[in-house]
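Below is one structure; the comments refer to it alone.
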Amino acid sequence: MNKIIYNLKPQKAFLVASYLLFLTLFLSFRTINKFESTEDGVLVNQILEKTKKLKKNRTIQLNPVNDNSFVIALVDSLYHYQLMNDTKKLENLKQENNIDETVYKTVFTKKELSNYLSQKNISNNWKSDDINDKSIEVASSGNSKDAEKLNVFISKPIYSLNKKFCLVYVKSTWSGIMVYKKEKGMWKEFKLLSPMLH
93 MNKIIYNLKP
103 QKAFLVASYL
113 LFLTLFLSFR
123 TINKFESTED
133 GVLVNQILEK
143 TKKLKKNRTI
153 QLNPVNDNSF
163 VIALVDSLYH
173 YQLMNDTKKL
183 ENLKQENNID
193 ETVYKTVFTK
203 KELSNYLSQK
213 NISNNWKSDD
223 INDKSIEVAS
233 SGNSKDAEKL
243 NVFISKPIYS
253 LNKKFCLVYV
263 KSTWSGIMVY
273 KKEKGMWKEF
283 KLLSPMLH
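Offset between the sequence shown (1-based) and the working numbering: plus 92.
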């Protein structure tokens, strides 16, 4: 391959090299997006299934909005306090959000925090195609307040660099940022952060 590029005129070699770089980046981006959309679907269905088991007598409705700004706000604060080396504020934030040292050192390294920040999502929505259980509907808008139905909010997950951890904000029968860990191909609940009572 290198021989072919060396035998071309400099302009053509540059164009060929640029094309190959673009193609490599494009294919890797598609692979990452395919992973995320598949894993997003697995996680949203897993969370809905858990909610349905806990609330057998309620009709469940998924909020279409999957904005992950609540998770990003926590990540941004952790990142900021790490950069500023403000240990007092960092320790207070960890305590307020139920982040123990094991989770902090495993999930919230500086490199990971930077990676999470790059996954901010404010524009995509969940669609009915994302849900396996057709008895669960996607609300027509995020403001649906049907008293007969349990409105469930699930943020778009954000993934660790090695794809073994992810963070999802959930508001249903329980609320908070759930850290999931992938074990033997399955997402397992690892730690509930920022728990809130209803």
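Cβ coordinates follow ideal geometry from the N, Cα and C atoms, glycine included.
CB contact flag (residue i, residue j, <8 Å)
| i | j | result |
| --- | --- | --- |
| residue 252 | residue 258 | yes |
| residue 139 | residue 241 | no |
| residue 260 | residue 143 | no |
| residue 269 | residue 158 | no |
| residue 272 | residue 170 | no |
| residue 287 | residue 217 | no |
| residue 255 | residue 274 | yes |
| residue 164 | residue 209 | yes |
| residue 147 | residue 265 | yes |
| residue 283 | residue 195 | yes |
For residue j and residue i, believed in contact at Cβ under 8 Å, the rounded distance
| i | j | result |
| --- | --- | --- |
| residue 40 | residue 184 | Outside the displayed span of the chain (93 to 290) sits residue 40, for which this structure offers no information. |
| residue 154 | residue 223 | 7 Å |
| residue 182 | residue 173 | 4 Å |
| residue 250 | residue 187 | Going by Cβ atoms, the distance from residue 250 to residue 187 rounds to 22 Å, so no, they are not a contact pair. |
Limits of the unbroken beta strand (DSSP E) element including residue i
| i | result |
| --- | --- |
| residue 164 | Per DSSP, residue 164 belongs to no beta strand (DSSP E); it is in the alpha helix (DSSP H), 161-176. |
| residue 151 | 151-154 |
Identified DSSP bridge partners for residue i
| i | result |
| --- | --- |
| residue 291 | Because the chain here runs from 93 to 290, residue 291 falls outside it and cannot be looked at. |
| residue 259 | 250, 271 |
| residue 241 | 151 |
| residue 230 | 154 |
As assigned by DSSP and simplified to three states, the class of residue i
| i | result |
| --- | --- |
| residue 286 | strand |
| residue 181 | helix |
| residue 212 | coil |
| residue 217 | strand |
| residue 132 | helix |
| residue 264 | coil |
| residue 139 | helix |
| residue 207 | helix |
| residue 225 | coil |
| residue 126 | Residue confidence is low: residue 126 scores 43 on pLDDT, short of 50, so the model does not pin down where it sits. No coordinate-derived value is stated. |
| residue 94 | Reliability of the predicted coordinates at residue 94 is poor, the pLDDT of 49 falling under 50, and no value is obtained from them. |
Check: residue i C-beta below 7 Å from any heavy atom of the ligand SAM
| i | result |
| --- | --- |
| residue 138 | For the structure depicted, the ligand SAM is absent and the ligand set is empty, with no information on it obtainable. |
Boundaries of the alpha helix (DSSP H) in which residue i is found, first to last residue
| i | result |
| --- | --- |
| residue 197 | 193-199 |
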